[in-house]
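**Student:** The numbering used here numbers the first residue of the sequence shown as 211 and each following residue consecutively.
Built from N, CA and C at the ideal position, the CB exists for glycine as well.
This structure is in structure tokens; I'll ask about it shortly.
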Amino acid sequence: METTAAAPAPYLHGSQKLLHLVRHAQGLHNLEAEKRPTSIDLVDPELSSQGWQQVRDQRKNLSASGLLERIEVVITSPLLRTLQTSVGIFGGDPDRPDHVTPLQEANIENDGQRGISTFNRLPIIASELCRERKSKNRQRGTLSQCRSRFPAVDFSLIESEDDVLWESDERETNEAVAARGIKFIKWLLGRKEKEIAVVSHGVFLQQTMIALRNKCYPLVDGDFNYSRFGNCEIRSVIIFNESVMGLGSDSLTTSYQAHGGRITRYGLQLQNDSAEDNVPVDEATN
211 METTAAAPAP YLHGSQKLLH LVRHAQGLHN LEAEKRPTSI DLVDPELSSQ
261 GWQQVRDQRK NLSASGLLER IEVVITSPLL RTLQTSVGIF GGDPDRPDHV
311 TPLQEANIEN DGQRGISTFN RLPIIASELC RERKSKNRQR GTLSQCRSRF
361 PAVDFSLIES EDDVLWESDE RETNEAVAAR GIKFIKWLLG RKEKEIAVVS
411 HGVFLQQTMI ALRNKCYPLV DGDFNYSRFG NCEIRSVIIF NESVMGLGSD
461 SLTTSYQAHG GRITRYGLQL QNDSAEDNVP VDEATN
């Protein structure tokens with residue numbers, strides 16, 4: 211990943227939100243899939259050593275670009291790999307003062323990683339809405355485990371100790387994932403923050419972007435990329451609701467530079483009715 215120069219933030223009108231969508235860094239399940247594509251048995255896997263390096267590189271890139279100073283809040287899936295990616299990229303200095311509560315305790319799952327501080331860090335909130343497609347190997351840890359591993363992450367939106375949303379013999383459909391993605395976007399539109407980072411998963415992000423295409427007008431020239439996100443890839447989008455439908459597209463053409471790695475920008479406007487398009491979905495490991 212290359213470091214880029216700082217870029218100015220686009221001007222946001224009214225209810226517009228600038229979202230920075232992040233797929234988690236490489237997990238042990240991604241590494242295992244490369245060796246045995248048909249046999250992935252890891253449940254709630256952690257990041258691999260390469261994944262942690264991706265996190266460190268992306269943090270450096272976003273810091274150099276100035277993006278870390280603009281984001282107001284981070285919303286993350288409560289699965290281990292997304293929590294680790296969130297605190298690794300958006301957390302504070304690992305050399306924290308002794309009296310500061312850690313954002314992530316050291317040596318989680320015996321991974322050898324240093325603790326991550328809350329010192330000078332962004333607020334991070336866990337939400338079940340942006341977790342990965344529910345299926346056999348995608349069960350989250352208990353709420354107590356999550357809070358123990360990540361003491362300063364806000365888990366107040368997680369309603370149950372155990373993962374009651376998970377069913378071992380049921381696989382969530384693409385349509386259900388997309389519907390959950392739209393519900394999540396509407397929830398984000400109701401938040402007070404204007405610039406938000408979302409750390410999630412391959413299928414969820416892809417299906418949400420596909421669903422948004424069926425309910426939006428692209429307002430920035432260029433291809434609208436509905437392919438699977440790469441590990442630790444970031445794509446930035448502008449979303450807003452129907453109350454700003456009267457704004458012209460030229461108001462959103464402000465140049466917005468990529469911030470390290472592969473970061474794509476789009477402008478989206480939600481609307482009610484649109485034709486459904488069939489978009490092929492990459493079924494690679496999430």
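Per DSSP, what are the beta-bridge partners of Gly302 in this structure?
**Tutor:** On the sequence shown, position 92 is the one that residue 302 refers to. The partner list for Gly302 (beta bridge, DSSP) is empty, contrary to what the question assumes.
**Student:** On the DSSP letters alone, give me the boundaries of the alpha helix (DSSP H) that Lys393 sits inside.
**Tutor:** Taking the sequence shown and counting its residues from 1, the one referred to as residue 393 is at position 183. Where Lys393 is concerned, the enclosing alpha helix (DSSP H) stretches over Asn384 to Leu399.
**Student:** How would you label Gly391, buried or exposed, when you count the other beta carbons within 10 angstroms and need 16 or more for buried?
**Tutor:** On the sequence shown, position 181 is the one that residue 391 refers to. It counts as buried.
**Student:** Ser370: beta carbon under 8 Å from a heavy atom of the ligand ATP?
**Tutor:** You won't find the ligand ATP in this model; it holds no ligand whatsoever.
**Student:** From Lys162 to Pro333, what does the alpha carbon distance come to, in whole angstroms?
**Tutor:** Look at the range of the chain in this structure, 211 to 496, and you will see that residue 162 is not part of it.
**Student:** Classify Thr286 as helix, strand or coil using the three-state DSSP reduction.
**Tutor:** Counting from one through the sequence shown, the residue named residue 286 turns up at place 76. Three-state DSSP puts Thr286 in a strand.
**Student:** What separation, rounded to the nearest whole angstrom, lies between the Cα atoms of Ser437 and Gln416?
**Tutor:** Residue numbering aside, residue 437 sits at position 227 when the sequence shown is read from its first letter. Residue numbering aside, residue 416 sits at position 206 when the sequence shown is read from its first letter. The straight-line gap from Cα to Cα measures roughly 7 Å.
**Student:** Between which two residues does the beta strand (DSSP E) holding Lys227 run?
**Tutor:** On the sequence shown, residue 227 is found 17 positions in, with the first residue counted as 1. Its beta strand (DSSP E) spans residues Lys227 to Arg233.
**Student:** Thinking C-alpha only, which one of Leu229, Glu256 and Gly276 is nearest Leu293?
**Tutor:** The residue you call residue 293 lines up with position 83 of the sequence shown. Answer by Cα proximity: Glu256.
**Student:** Going by beta-carbon coordinates alone, are Ile395 and Leu422 separated by less than 9 Å?
**Tutor:** For the purposes of this step, residue 395 is taken as the residue at position 185 of the sequence shown. For the purposes of this step, residue 422 is taken as the residue at position 212 of the sequence shown. In this structure, Leu422 lies closer than 9 Å to Ile395 by Cβ.
**Student:** To the nearest angstrom, how far is it from the Cα of Cys356 to the Cα of Ile449?
**Tutor:** As a working note, residue 356 is residue 146 in the sequence shown. As a working note, residue 449 is residue 239 in the sequence shown. Straight-line Cα distance between these residues: approximately 30 Å.
**Student:** Should Ser410 go down as buried or exposed, given a rule of 16 or more other Cβ atoms within 10 Å for buried?
**Tutor:** The residue given as residue 410 occupies position 200 in the sequence shown. Burial call: buried.
**Student:** Near Ala219, which residues of its chain fall below 8 Å by C-beta distance, leaving aside the five closest residues on each side in sequence?
**Tutor:** Your numbering for residue 219 matches position 9 in the sequence shown. Here the set comprises Leu228, Arg280, Glu405 and Tyr466.
**Student:** Checking 9 Å against the spacing of the C-beta atoms, do Val297 and Phe360 come in under that value?
**Tutor:** Position 87 of the sequence shown, counting from 1, holds the residue named residue 297. Position 150 of the sequence shown, counting from 1, holds the residue named residue 360. A contact, by the Cβ cut-off of 9 Å.
**Student:** Please confirm whether Val253 and Ala407 have their CB atoms less than 9 Å apart.
**Tutor:** For the purposes of this step, residue 253 is taken as the residue at position 43 of the sequence shown. For the purposes of this step, residue 407 is taken as the residue at position 197 of the sequence shown. No, Cβ-Cβ distance for Val253 and Ala407 is not below 9 Å.
**Student:** By the three-class DSSP mapping on this structure, what secondary structure does Gly237 have?
**Tutor:** The residue given as residue 237 occupies position 27 in the sequence shown. In this structure, Gly237 counts as strand in the three-state DSSP scheme.
**Student:** Per DSSP, Leu257 forms a beta bridge with which residues?
**Tutor:** Indexing the sequence shown from 1 puts residue 257 at position 47. For Leu257, which the question treats as bridged, DSSP gives the partners Gly237.
**Student:** Assuming Leu231 contacts Arg445 (C-beta within less than 8 Å), just tell me the rounded distance between them.
**Tutor:** If you number the sequence shown from 1, residue 231 lands on position 21. If you number the sequence shown from 1, residue 445 lands on position 235. About 5 Å; that satisfies the 8 Å criterion.
**Student:** Can you look up Ala407 in the DSSP assignment and give me helix, strand or coil?
**Tutor:** By one-based count along the sequence shown, residue 407 stands at place 197. Looking at Ala407 - three-state DSSP - the assignment turns out to be strand.
**Student:** Mapping the DSSP letters down to three states, classify Val413 as helix, strand or coil.
**Tutor:** Taking the first residue of the sequence shown as position 1, residue 413 is located at position 203. In this structure, Val413 counts as helix in the three-state DSSP scheme.
**Student:** Is it the case that the Cβ atoms of Arg269 and Leu278 are separated by a distance below 9 Å?
**Tutor:** Your numbering for residue 269 matches position 59 in the sequence shown. Your numbering for residue 278 matches position 68 in the sequence shown. It is a contact, given that the beta carbons lie within the stated cut-off.
**Student:** Nearest-angstrom Cα distance between Ser275 and Arg348?
**Tutor:** Taking the first residue of the sequence shown as position 1, residue 275 is located at position 65. Taking the first residue of the sequence shown as position 1, residue 348 is located at position 138. Roughly 33 Å separates the two Cα atoms.
**Student:** I need the straight-line Cα distance from Thr286 to Val447, nearest angstrom please.
**Tutor:** Numbered from 1 along the sequence shown, position 76 holds the residue referred to as residue 286. Numbered from 1 along the sequence shown, position 237 holds the residue referred to as residue 447. Taking the straight line joining both Cα atoms gives about 17 Å.
**Student:** Indicate whether Gly261 and Gln236 have their beta-carbon atoms separated by less than 9 Å.
**Tutor:** Taking the sequence shown and counting its residues from 1, the one referred to as residue 261 is at position 51. Taking the sequence shown and counting its residues from 1, the one referred to as residue 236 is at position 26. Yes; because the gap between Cβ atoms is below 9 Å, this pair is in contact.
**Student:** Within this structure, are the beta carbons of Asn441 and Asn240 separated by less than 9 Å?
**Tutor:** Within the sequence shown, numbered from 1, the residue matching residue 441 stands at position 231. Within the sequence shown, numbered from 1, the residue matching residue 240 stands at position 30. Cβ distance < 9 Å, so Asn441 and Asn240 count as in contact.
**Student:** Let me know if Ser370 comes out buried or exposed under the rule of 16 or more other beta-carbons within 10 Å of its beta-carbon.
**Tutor:** Locating residue 370 in the sequence shown gives position 160, counting from the first residue. Classification for Ser370: exposed.
**Student:** Can you tell me which residues form a DSSP beta bridge with Arg445?
**Tutor:** Here residue 445 corresponds to residue number 235 of the sequence shown, with the count starting at 1. Arg445 is bridged to Leu231.
**Student:** Whose C-alpha, out of Thr418, Leu238, Trp397 and Lys393, is nearest the C-alpha of Arg291?
**Tutor:** Here residue 291 is taken as the residue at index 81 of the sequence shown, counted from 1. Of Thr418, Leu238, Trp397 and Lys393, the residue nearest in Cα terms is Leu238.
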